[in-house]
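A.B. asks:
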Amino acid sequence: MEQNLKSIEFAPGKTLSIETGRLAKQADGAVVVRMGDTMVLCTAVSAKEAKPGQDFFPLTVDLRESFSAGGRFPGGFIKREGRPSDKEILSSRLIDRSIRPLFPNGYYNETQIICTVISSDGENDGDVLGAVGASAALHISDIPFEGGPMAEVRVGRVDGEHVINPTISELEESDIDMIVGGTEDSVIMMEGEMEEISEAEMLDAIKAGHEAIQKLCQFQEELREEFGKPKREFEPEEVDEELKSKVYELAQSEIQDIVTTGLGKEKYSERLKAVKDNTVDKLVEENEELAEVEETIRNICKDIEKEELRGLILNEKRRIDGRSPEDIRDIWTEVSYMARTHGSAIFTRGETQSLVSVTLGSKKDEQAIDTLFNEEAKHFFLHYNFPPFSVGETAFLRGPGRREIGHGHLAERALKKMMPSFEEFGYVIRVISDILESNGSSSMASVCGGSMALMDAGVPLKKPVAGIAMGMIVGENESVVLSDIRGEEDFMGDMDFKTAGTRDGITATQMDMKVEGISFEVLERALKQAKVGRLHILDKMSETITEPREQLSRFAPQLLKMEIDADDIGAVIGPGGKVIQGLQRDTDTEIHVEEDEDRGKGLITISADSLEKAETCKKRIKEILGDLEEGAVYHGTVKAIKDYGAFVEIVPGKDGLLHVSEINHSHVKNVSDVLSVGDELDVKLLKVERGGKLRLSRKALIPKNGDEE
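In terms of this note's numbering, the sequence shown has 78 at position 42, counting the first letter as 1, and numbering is strictly consecutive.
1. Looking at E209: is its Cβ nearer than 8 Å to the Cβ of V194?
2. I need the boundaries of the beta strand (DSSP E) containing N145, first residue and last residue.
3. Taking buried to mean at least 16 other C-beta atoms within 10 Å of its own C-beta, is D91 buried or exposed?
4. Under the rule that 16 or more other beta-carbon atoms within 10 Å means buried, what is F432, buried or exposed?
5. Can you give me the Cβ contacts of T296 inside the same chain, cut-off strictly under 7 Å, excluding the 5 residues immediately before and after it?
6. Could you tell me the alpha carbon to alpha carbon distance between S305 and H443, rounded to whole angstroms?
7. Going by DSSP, name the residue or residues bridged to G507.
8. What is the DSSP secondary structure of H445, reduced to helix, strand or coil?
9. Have a look at T535, V427 and D691 and flag the residue whose alpha-carbon is nearest the alpha-carbon of E448.
10. Taking the alpha-carbon positions, what's the E579 to L472 distance?
11. May I ask which residues mark the beginning and end of the alpha helix (DSSP H) holding G298?
12. Using 8 Å as the Cβ pair cut-off and three pairs as the minimum, do the stretch 304-319 and the stretch 250-265 touch?
13. Is the stretch 271-285 in contact with the stretch 322-338, if contact means three or more CB pairs nearer than 8 Å?
14. Curious, which full-length beta strand (DSSP E) runs of at least 3 residues does the stretch 215-253 contain?
15. Per DSSP, what kind of secondary structure is R376 in: helix, strand or coil?
16. Which ranges does the alpha helix (DSSP H) cover as unbroken runs of at least 4 residues, wholly within the stretch 404-487, from first to last along the chain?
17. Using beta-carbon positions only, say whether D520 and G569 come within less than 8 Å of one another.
18. Quick one: residues in its chain with C-beta nearer than 8 Å to the C-beta of G166, no 5 flanking neighbours on either side, listed in chain order?
19. Is the CB-CB distance between D492 and S380 below 8 Å?
20. Express the C-alpha separation of R522 and G386 in angstroms, rounding to a whole number.
21. First and last residue of the beta strand (DSSP E) that includes Q389?
22. If M528 and K342 are in contact, beta carbons under 8 Å, what's the gap, nearest whole angstrom?
23. Between the stretch 563-577 and the stretch 614-624, are three or more C-beta pairs nearer than 8 Å?
24. Identify whether M201 lies in helix, strand or coil by the three-state DSSP scheme.
25. Use the C-beta contact count for Y680: other C-beta atoms within 10 angstroms, 16 or more gives buried, fewer gives exposed.
26. Leaving aside the five residues before and after R561 along the sequence, list all residues of the same chain whose C-beta is less than 7 Å from its C-beta, in chain order.
27. In three-state DSSP terms, what is V275?
28. So the candidates are N351, G728 and E648; which of them puts its Cα closest to the Cα of N513?
29. Just mark K735 as buried or exposed, buried being the case when its beta carbon has 16 or more other beta carbons within 10 Å.
30. Report the option in R635, D178, S234 and T56 whose CA atom is closest to the CA atom of K564.
31. Here's the rule I'm using: 16 or more other beta-carbon atoms within 10 Å means buried, otherwise exposed. How should E55 be labelled?
32. Which first and last residues belong to the alpha helix (DSSP H) in which D622 is found?
33. Is it buried or exposed, F46, if we count other Cβ atoms within 10 angstroms and call 16 or more buried?
34. Are I686 and G638 closer than 8 Å when you measure CB to CB?
35. Following the continuous alpha helix (DSSP H) through S643, name the residue where it begins and the one where it ends.
36. DSSP beta-bridge partners for V719?
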């Protein structure tokens, strides 16, 4: 079969090819995107008609990574891919957020994008390739995609130079890891982490990414010209102008009053619902047939609310709660709220509240990561929970969805750059953010609360981190940037732009546009306004806690570390793990041993619920390795009985001879009359002889008049 293949060098040394027409021909659009030896099959299918009564766009995007693409088997018992990994979910969200705004308004046909990584070279990640492929599949298909094409690229920076679509190896040297999505004209999405870069540096990175995006969009236009299908006809459902006029007449003045009064979320929602209910009731009373279009009436009320809210901001520079565009809602914070957690904090901003806990764990608590690109252990993770009561609703409690995973990942990235390494701190760290109230930017509340809870736990956070969510209303002549948006402003606005960082720079960002893009001038203004807001929030946080506590919670596990020669690791572990298991059992500790091959050392970490237990275990390990002190007293176990005495194990793997003459002050005729195998007793180490033989004494610990017969 003829191969329809085109290639482009879209950045220095970066070449991408797209093939179509050979695979998945029954899909509405299908392409294979390739970079290096990483290949992603992307398909797009859209129903020919919308379901009756459908009033939203049911778009589903899934990116999947088959382990076979990298020549691997899935880990675990079941050797088949199951539920999507967090990495796959996050990659799917990135594609969804970039293409969703580009479909025509009113297009409600069920649409599905599936991107499958079918080959992986271990260096080129398939996530951004999947986004380019999703756009290309849509663009060459007959599916309406009037805002496209779009493209995504990853932007890194190595030695001060921007690198587009850096390899996994290049990313290890990069201080920026950011994905930028956009059309030929503007940026519509970005997300990433960075090492305290300035607003100007971030803007430069976005511009570098957009230059590559423009080339990839032009490339897709060429692809469509050669291989594209004619677009199917689509006309959005016509609005009943007579019904619209009646709804405006009945509801507009009341909705305008609600929007301009400056109400809190609960009162605002109550009054708005009442207006919608009354409008429906009045219209149905006049004409019973209008009961069939009740949802349309409510949607027209939503349109009125959106118009009034946007008009208030654009014309009067005032928001629905009375704030100016730059104002941030009241903030109150508290730490050490939960009695038994290792660290905790409450962060409340307006009607958004995050209750955060920190748990410190040992090596055994690390999380094994098994994905196409990553098999390493994870030592820091942030879990975000969004229970239904946080927005006054009821719902079944299920596992974390895409929203929870996405919000938690963003908050984790914001804090990660300021966290101590596992080698420095030695603890596995879990942060949980439970959202108790939500009215705008709960992910950024998780960053602020997480930062405070980590300091409360005594984690040596390098610097406090805060986050803020920005919004924007685009008018005909100007755009207004909003600091600290609440829920209605997010829903009715044109941008959701989150930045998190320290006083010295940005550590994470996320932006979504609901219109086709944003100019760099407006983006620069939003970044500057976000910095002012971030510094204000950091000031508020510092009123409660400014730096990590000097001591860990008394409920946190105590860790001790020690080094031994690599040759001694076997003695600590023992045959079949017998020695180390006995040590853990006897001292009520957990012991982790790993080898540093470069240094020829064994690294031992001892974890216990008290420092005393950890110290006892450390002492026992030293004794096992021959660090025995003559004259010291040891608690041992009789292992064998002989005519001339007993052999007593004083530390795992170390037996000493308790001679018959050293059992009692009085004469002992038969050792078995006094001792039996398995007896436990205290003995004194008299001498370590040549060859490591140990001479023990029991009578040295017994008063002369206290002989036991």
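Each residue gets a CB set at the ideal place from its N, CA and C atoms; glycine is no exception.
Keep in mind that this is a model prediction, so the values were computed, not measured.
C.D. replies: Quick look at the numbers:
1. yes
2. Looking at the DSSP string, N145 is not in any beta strand (DSSP E), and its letter there is neither H nor E.
3. exposed
4. Around the Cβ of F432, a 10 Å sphere holds fewer than 16 other Cβ atoms; the residue is exposed.
5. Cβ within range, chain order: L348.
6. 25 Å
7. L518 and D532
8. helix
9. T535
10. Answer to the nearest angstrom: the Cα atoms are 22 Å apart.
11. Note, G298: premise wrong, no alpha helix (DSSP H); not H, not E.
12. Because the criterion of three Cβ pairs below 8 Å is not met, the stretch 304-319 and the stretch 250-265 do not touch.
13. A contact exists between the stretch 271-285 and the stretch 322-338.
14. 223-233
15. R376 falls in the coil class under three-state DSSP.
16. 438-452 and 458-461
17. A contact, by the Cβ cut-off of 8 Å.
18. V69, V76, C78, L99, S127, I131, C151 and V153
19. yes
20. 9 Å
21. T388 to G397
22. 5 Å
23. no
24. Per the sequence presented here, residue 201 reads as Asn, with Met not at that position. It is coil, neither helix nor strand.
25. exposed
26. Sequence-distant Cβ neighbours of R561 in its own chain, meaning closer than 7 Å and more than five residues away, are V517.
27. coil
28. N351
29. buried
30. Among R635, D178, S234 and T56, the Cα nearest to that of K564 belongs to S234.
31. Residue environment for E55: buried (at least 16 other C-beta atoms within 10 angstroms of its C-beta).
32. D622 -> alpha helix (DSSP H) spans K614 to T623.
33. buried
34. no
35. Taken as a continuous stretch (DSSP letters only), S643 belongs to no alpha helix (DSSP H), being part of the beta strand (DSSP E) at K637 to A644.
36. Y670
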